[in-house]
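Encoded as structure tokens, the structure appears first; notes follow it.
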Amino acid sequence: MTAGGVLQSAGDAAHAIETVTWVLFAGGGAIFVGVMLLLAWSLRRRARGVNTRWWIWGGGVAFPAAVLVALFAWTLPHTPVWRPTPPAGALIVTVKAHMWWWEVRYRDPATGADIVTANEIRIPVGKPVYLALTSADVIHSFWVPQLAGKMDMLPGRMQHLLVTATAPGTWRGQCAEFCGEQHAQMALHVVGLAPPDFDAWLAVQAQPAQPPATPALALGRDAFLAQRCDACHTVRGAGAAGQLGPDLTHIGSRPYLGAGTLANTPDGRARWLAHLQHIKPGARMPSYDRLDTPTLNAMGAWLGSLQ
Ligand code: CUA
Numbered sequence: 184m185t186a187g188g189v190l191q192s193a194g195d196a197a198h199a200i201e202t203v204t205w206v207l208f209a210g211g212g213a214i215f216v217g218v219m220l221l222l223a224w225s226l227r228r229r230a231r232g233v234n235t236r237w238w239i240w241g242g243g244v245a246f247p248a249a250v251l252v253a254l255f256a257w258t259l260p261h262t263p264v265w266r267p268t269p270p271a272g273a274l275i276v277t278v279k280a281h282m283w284w285w286e287v288r289y290r291d292p293a294t295g296a297d298i299v300t301a302n303e304i305r306i307p308v309g310k311p312v313y314l315a316l317t318s319a320d321v322i323h324s325f326w327v328p329q330l331a332g333k334m335d336m337l338p339g340r341m342q343h344l345l346v347t348a349t350a351p352g353t354w355r356g357q358c359a360e361f362c363g364e365q366h367a368q369m370a371l372h373v374v375g376l377a378p379p380d381f382d383a384w385l386a387v388q389a390q391p392a393q394p395p396a397t398p399a400l401a402l403g404r405d406a407f408l409a410q411r412c413d414a415c416h417t418v419r420g421a422g423a424a425g426q427l428g429p430d431l432t433h434i435g436s437r438p439y440l441g442a443g444t445l446a447n448t449p450d451g452r453a454r455w456l457a458h459l460q461h462i463k464p465g466a467r468m469p470s471y472d473r474l475d476t477p478t479l480n481a482m483g484a485w486l487g488s489l490q
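Our numbering applies: residue 184 is where the sequence shown begins, and numbers increase by one.
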């Protein structure tokens, strides 16, 4: 887990932002020091014999104009290009924001079918990734500071970001547009993998869920279906095809629950199922605290087994 910030870029788009940030910081600092020195000098000399007209036009108009024009010319090539279609060879990942989680879709290179996951985006290092961004409800904003700048996610519109990870790692992202009660708990994680590891991961994601390997896991699956979790969630291969909540077919392989809210551990899954409305109030899933602990643990164990 890389806990870096904006100034530890791991992608080309973020690297451009980092460069511009440092140039602005250094340039702004140099100008501030220069102005302070001029101020000290003018106070000492009591401004006798100073050509005020020259300083006002030169320092107040010509100098800022020259600096701003130079900055504009220099930053223009650093600005992301608007591309209505993905460049050739880019991996296309569609991300749809929901209140308050992220639906992530890949295309299966073998069959062309959609591979759906949630709250975690894995990408191959060194390969351009075209993120097609939209929203199912209100305006959200996609922001993974170490990979790229922010991009709004608008209902009924497709925006995009083109990112290329330059090194393997895990980078935390966050919804960056206030979108309601749980905006703060709308995180996502992007994982950069070596291309062969990425291909292997995607091939697993394309598979349906493994059947329960033990009777205990089968009990968990049965409880999941008996509680009608399948009304909202899909688990391919387990008879669950709901479309309202995150796809759980491979939930066990994801590091977090609830868009970065809890670690995906046995304890985390049990707490999430029982006390969701206490942990993430307003989320579109009820707490199942009326269920007994063995049932909750069985459901959590089965979900954890969905690798
Ligand atoms: Cu989604 Cu803020």
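Heads up, the beta-carbon is just placed ideally off N, CA and C, and yes, glycines get one too.
Keep in mind that this is a model prediction, so the values were computed, not measured.
Rounded to whole angstroms, the Cβ separation of residue 306 and residue 344 is 12 Å, and the two are not in contact under 8 Å. For the ligand CUA, no non-hydrogen atom lies closer than 7 Å to the CB of residue 341.
Between the C-alpha atoms of residue 332 and residue 248 there is a straight-line separation of about 27 Å.
Between residue 197 and residue 328, the C-beta spacing is below 8 Å. Counting only heavy atoms of the ligand CUA, the residues whose C-beta sits closer than 6 Å to one of them are, along the chain, 280, 283, 323, 358, 360, 361, 362, 366 and 369. A contact is defined here as three or more CB-CB pairs under 8 Å, and the segment 353 to 372 fails this definition with respect to the segment 384 to 401.
Here the alpha carbons of residue 216 and residue 346 stand approximately 37 Å from one another. Close CB contacts of residue 315 within its chain, under the 6 Å cut and outside five residues either way in sequence, are with 277, 341 and 343 (chain order). Annotation: the continuous beta strand (DSSP E) that includes residue 336 extends over 334 to 336. With 16 or more neighbouring CB atoms inside 10 Å of its own CB, residue 365 falls in the buried class. DSSP lists 290 as the beta-bridge partner residues of residue 297. Contact check for residue 433 against residue 490 passes: the beta carbons are separated by less than 8 Å. Two segments are said to touch when three or more pairs of C-beta atoms, one from each, lie closer than 8 Å; by this definition the segment 473 to 488 touches the segment 398 to 410. In the DSSP secondary-structure assignment, residue 315 is bridged to 277 and 343. Per DSSP, residue 372 is one residue of the beta strand (DSSP E) stretching across 370 to 376. Within the segment 382 to 415, not a single complete beta strand (DSSP E) segment reaches 3 residues in length.
A Cβ-Cβ separation of about 23 Å leaves residue 436 out of contact with residue 457 under the 8 Å criterion.
With fewer than 16 other beta carbons inside 10 angstroms of its own, residue 225 counts as exposed.
In this structure, the alpha-carbon of residue 202 lies about 39 Å from that of residue 448. CA-to-CA, the gap between residue 374 and residue 220 works out to about 48 Å. Approximately 7 Å separates the beta-carbon atoms of residue 422 and residue 413; this is inside 8 Å, confirming the contact. DSSP links residue 201 through a beta bridge to no other residue. Residue pairing by DSSP puts residue 307 in a beta bridge opposite 376. Contact check for residue 320 and residue 360: beta-carbon distance about 12 Å, past the 8 Å limit, so the pair fails to qualify. In the same chain as residue 324, and ignoring 5 residues on each side of it, the C-beta atoms closer than 7 Å to its own belong to 333, 334, 335, 336, 358, 359 and 360, in chain order. Between residue 330 and residue 443 a beta carbon distance of about 16 Å is seen, past the 8 Å cut, so the two are scored as non-contacting. Note on residue 381: 16 or more other CB atoms within 10 angstroms of its CB, so buried under the neighbour-count rule. Excluding sequence positions up to five before and after residue 464, its CB lies within less than 8 Å of the CB of 364 and 365, all in the same chain and listed in chain order.
When C-alpha distances from residue 200 are compared across 260, 454 and 312, the shortest belongs to 260. Between residue 407 and residue 485, the beta carbon gap of about 6 Å places them in contact (Cβ cut-off 8 Å). In the DSSP assignment, residue 458 falls within the alpha helix (DSSP H) that extends over 449 to 462. Annotation: the continuous beta strand (DSSP E) that includes residue 352 extends over 352 to 357.
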